[in-house]
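Everything on this sheet refers to the single structure shown next.
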Amino acid sequence: MHELLQPGSERKQLLLGNEAIVRGALEGGVRFVAAYPGTPSSEIIDRFYQLAPEVQIYVEYSVNEKVSMETAAAAALSGVKSLCAMKHVGLNVAADAFMTLAYVGVKAGMVVVVADDPFLHSSQNEQDNRFYAKMAGVPMLEPATPEEAKSMTLEALALSEKYRMPCMLRTTTRVNHCRGPVALGELPGNGSGSSPPFAKGGQGGFQPQGTFTKDPFNLVVIPMVGRKLRLALLEKLSRLQAEAEQSPLNFTVGEGKWGIITSGVSYLYVRDAVRDLGLEQRVKVLKLGFTYPQPRAVMRNFLRGLTRVLVVEELEPFLEETVRIVAQESALRVLVAGKGDELIPRAFELDAAKVKRAMSNFFGVSYQSPKVFSIPQLPQRPPNLCPGCPHRATYYSVRKIFGDDAIYPTDIGCYTLGILPPLRMADVLICMGSSVATAGGFSKVLDRPVVAFIGDSTFFHAGLTGLVNAVSHDHRFLLVVLDNGTTAMTGHQPHPGVELTPQGKVQPKVNLESIIRGCGVTRLATVNPLQVKKTQEVLQDLREHMHEPGVSVLISKSPCPLFENRMLSKKQKVVFEVDASCDLCKKCLEEVGCPAFVWEQSAAGDSRIRINAALCSGCSVCAQMCKSIKPRRLDDSKGGDQ
Amino acid sequence: MAGETRAFDAVRIFFTGVGGQGTLLATRLVGEAALAEGISVTMSEIHGMAQRGGVVESSVVIGNAFSPTIPDGEADILMAFEPLEALRALPKCHAQSLIIANTAPIVPFTVAIGQNTYPELAALHGLIKEKVSDVIWLDAVELARNAGSERASNTVLVGVLAGSGRLPLGKSSWEEALKRTLAPRIVGINRQAFEAGYAFSRAGGV
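Going down the list, the sequences are from chains F and B.
Taken in order, the first sequence gives residues 55 to 696; the numbers are from our numbering.
Taken in order, the second sequence gives residues 5 to 210; the numbers are from our numbering.
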């Protein structure tokens, strides 16, 4: 049985914040889950996907976040509780649906999990998505710990059911990827504690279980309906305001004439800071869990009688601005501060030390910050494309044919790592799918070759519409679809074009080549980038045709070796070695940059290039460009010289 | 200092290593042991780049504290799975920290292609010793190999931590953690690796 399907128990389990959200959804009776993976939210859909075979829950990796939200909305409109989860920028993709789903509403509970990423651990920006809740008029809860992540998922479902609208659960990386003790409640239909919840019957698979009542004058947002729903939304928001004022998710701890208002993981930093500074008797803390609608009366009552209040929150002054308004409206003589120099920074994550410094400055108490040891400049250890990664081979060949002059728009995935030397194959990136449309724009204003790169999963996510646009406007560029058969960067999730599955090789549901032809592309070729010479011949041919208007597409197709090894349990047959004929031209290091290569210098000053057999994947790309690199057959177990 | 009961408040343990070394599993073992002991625990992990040769950092905070992350200068224990990463994480430590570090280097790509040089190991050890006196260096890979599998070097390092006496966690809690965290078929080999680290620590870390 999957660990998240265990019966309820007093003994707490160590769960990731994301796993706690899954458990909360299971306990709350969610039966329909749709998401596109994205760090730091991916484990939510991944865990559901893992446990789905054991239960009557429909789980899909949707093609993008907008689609996931609309799919999940239909379930909730049919009385089936649903959840969709996405990283913060995913909500930009889904925003069109989100803004109006607030009007249309739902019949059963629907939770929208949105995972912000302060410090951009794994993202292109650090936008504060709490403003989306405010803009859409959707209630929002903000957990601080895995335990709260679970209980607030349940609360979000309850609110959603009560007000017939989606509820947003807003997390940050430090909540999603915090692991902490969580008490497991009972799962529905599992009172006895022995069988999995809503276990599959004999027929297997997810059975239709929703009901839909036709109601077009509430569900079809033509203007006259939208106007009515807009007023209904405002009325719901006023009731939700009262709900937020009463919510036990907003509470105070401590006492004193000074105050702190905070939410999410910042609350944990505040608690440590108050204690470390010995201010338990002097600082009262208001912790907000229900953060939209913002509980203004709770804020007002908290501010009364206080002299100084610091608002501690990551990213934008979302709470702070309201606190200032509330203080002004009630003419309270309290000094409010938050974002500012020497106080709470607007960029990146907080930690307990930053909060202590801000409190020390604002409240005028002493704080000796810890002495931080200095270290010399050290060699960096950036993440890199793996040995044997077909993206490296594609980049090598494209640079050979198109050189430094071409513009290389890129996209989001492992292949973005092509930005690093020696490949340097990334010139512009904005967001998912931007490679295709920016390439089109460049091609209209620059008299230079343009070659755009996009991964297969990203192409399905957001590249298709750009390609249709480019074809219809005769944009002139080469689009290289890096087809490694999986969504590699986020942990090898499936997408519509996958061929490798745990059951072996299958026909893809959506054929990449047909869909590209269907977009109107006529110059299309498919290569295996690990065949270097052939790939370069095809690229040369495509280059020669690029004086003609229109889009050319190259599908560079070779499976992600990590994924292929896992799916097919393939045994590696060869490793490659550098023989004595090596003349140290260093082209392998300077043009390919495979992490298995090592440049060694002996004490005597002799140099040599070596291939680390433990890292070599046997892809053979290096051997196709250099005569001094030869294969060595492996017997059964791979010899390592780490 | 076997069996010593220390005044216990909170212990902050920072883990650093290179993708593929099993730092997250080691983090989890410490968290499960604290849970089994009935001590409050919170952990932080950063996912996403683990398989691509980058630095992987995580933390465990056990006892009387709320924050799952560790600011600079506040790690009581540094668990470094690689020497260069031990030095890189030194700003997390304070003068009384305990550092448990693996001696086997993993050369970063920038060094491998000759763009950079890996610090000379003796100098690296010296730079650390200058700031923090309580340092246990060990070849965790070799101890793990002797215990039955190189891949269990992460568990060796956890064993060294358990044997250091710095954590208020009993042997039975560690056993519980191994059983709860690992698949049954690899518990045996990891128990041996854990014991090897534990014994190494008890023998004074030599």
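C-beta atoms are modelled at their ideal positions from N, C-alpha and C, and glycine is treated no differently.
Just so we're clear, the structure is a prediction, and the values are computed from it rather than from any experiment.
Taking a C-beta distance under 8 Å as the contact criterion, ARG530(F) and PRO463(F) do not qualify as a contact pair. Chain B has a Cβ within less than 8 Å of the Cβ of ALA406(F). With a cutoff of 8 Å on beta-carbon distance, THR540(F) and PRO550(F) are scored as not near each other. In the three-state DSSP reduction, PRO685(F) falls in the strand class (E or B). At a cut-off of 8 Å between C-beta atoms, MET83(B) does not count as an interface residue with respect to chain F.
Contacts with chain F (Cβ-Cβ distance below 7 Å) from the segment 65 to 83 of chain B involve ALA69, PHE70, SER71, PRO72, THR73, PRO75, ASP76, GLY77, GLU78, listed in chain order.
Under DSSP, the beta-bridge partners assigned to ILE461(F) are VAL504(F). Across the set SER656(F), ALA657(F), SER682(F), ARG597(F), the C-alpha of SER682(F) shows the shortest separation from the C-alpha of ILE665(F). Each residue's CA atom was taken as its position, placing CYS642(F) and ASP481(F) some 23 Å apart. Look at THR114(B): its C-beta is under 8 Å from a C-beta on chain F. ARG435(F) has a beta carbon lying within less than 8 Å of a beta carbon in chain B.
Measuring C-alpha to C-alpha distances from LYS311(F) to each of SER292(F), LEU333(F), ALA327(F) identifies LEU333(F) as the nearest. Restricting attention to beta strand (DSSP E) runs no shorter than 3 residues, the segment 611 to 675 of chain F encloses them at 628 to 632, 651 to 655, 661 to 665, ordered along the chain.
If you draw a straight line from the Cα of ARG224(F) to the Cα of LEU195(F), it comes to about 6 Å. Note on ARG446(F): 16 or more other CB atoms within 10 angstroms of its CB, so buried under the neighbour-count rule. Rounded to the nearest whole angstrom, the CA to CA distance from VAL409(F) to ASP138(B) is 29 Å. Ranked by how close their Cα comes to the Cα of MET486(F), the residues SER497(F), GLY467(F), LYS425(F) have GLY467(F) in first place. Separation of the CB atoms of ILE315(F) and VAL363(F) is rounded to 6 Å, and the pair is thereby assigned contact status at 8 Å. Taking the Cα of VAL191(B) as reference, the smallest distance to any Cα among PHE204(B), LEU29(B), ASP143(B) is reached at LEU29(B). Taking all protein chains shown into account, ALA198(F) has 16 or more neighbouring C-beta atoms within 10 Å of its C-beta and is therefore buried.
The beta carbon of LEU596(F) lies closer than 8 Å to those of LEU532, ARG577, ALA579, SER606, LEU608 in the same chain, with the five residues before and after it left out.
C-alpha of ARG329(F) to C-alpha of LYS338(F): approximately 12 Å in a straight line.
A distance below 6 Å between beta-carbons, with the five flanking residues on each side excluded, links PHE496(F) to the following residues of its chain, in chain order: ILE461, VAL504. Identification of residues in the segment 436 to 457 of chain F having a C-beta nearer than 8 Å to some C-beta of chain B yields PRO436, PRO437, ASN438, LEU439, CYS440, given in sequence order.
Restricting attention to HIS56(F), GLY313(F), PRO200(F), the CA atom closest to the CA of TYR103(F) is found in HIS56(F).
One thing to note: TYR115(F) has its Cβ within 8 Å of the Cβ of ILE99(F).
For GLU114(F), DSSP records a beta bridge to ALA88(F). As a beta-bridge residue in DSSP terms, VAL535(F) pairs with ILE508(F), ILE609(F). In the displayed model, ARG224(F) falls within a strand according to three-state DSSP. The segment 372 to 422 of chain F contains, as complete alpha helix (DSSP H) runs of 4+ residues, the segments 372 to 383, 406 to 417 (chain order).
Closest in alpha carbon position to LYS141(F), among ASN179(F), ARG478(F), VAL109(F), is ASN179(F).
Non-local beta-carbon contacts of PHE344(F) in its own chain, meaning distances under 7 Å to residues more than five positions away in sequence, involve LEU195, ALA298, SER301, LEU303, ASN304 in chain order. Taking GLU370(F) as the centre and dropping the five residues before and after it, the same chain places the C-beta of ASP182 closer than 6 Å to its C-beta, in chain order. At a cut-off of 8 Å between C-beta atoms, HIS142(F) does not count as an interface residue with respect to chain B. Residues of chain B whose Cβ lies closer than 8 Å to the Cβ of PHE630(F) do not exist; the shortest such Cβ separation is about 15 Å. Looking only at SER671(F), CYS648(F), ALA351(F), VAL652(F), the smallest Cα-Cα distance to LYS624(F) is reached by SER671(F).
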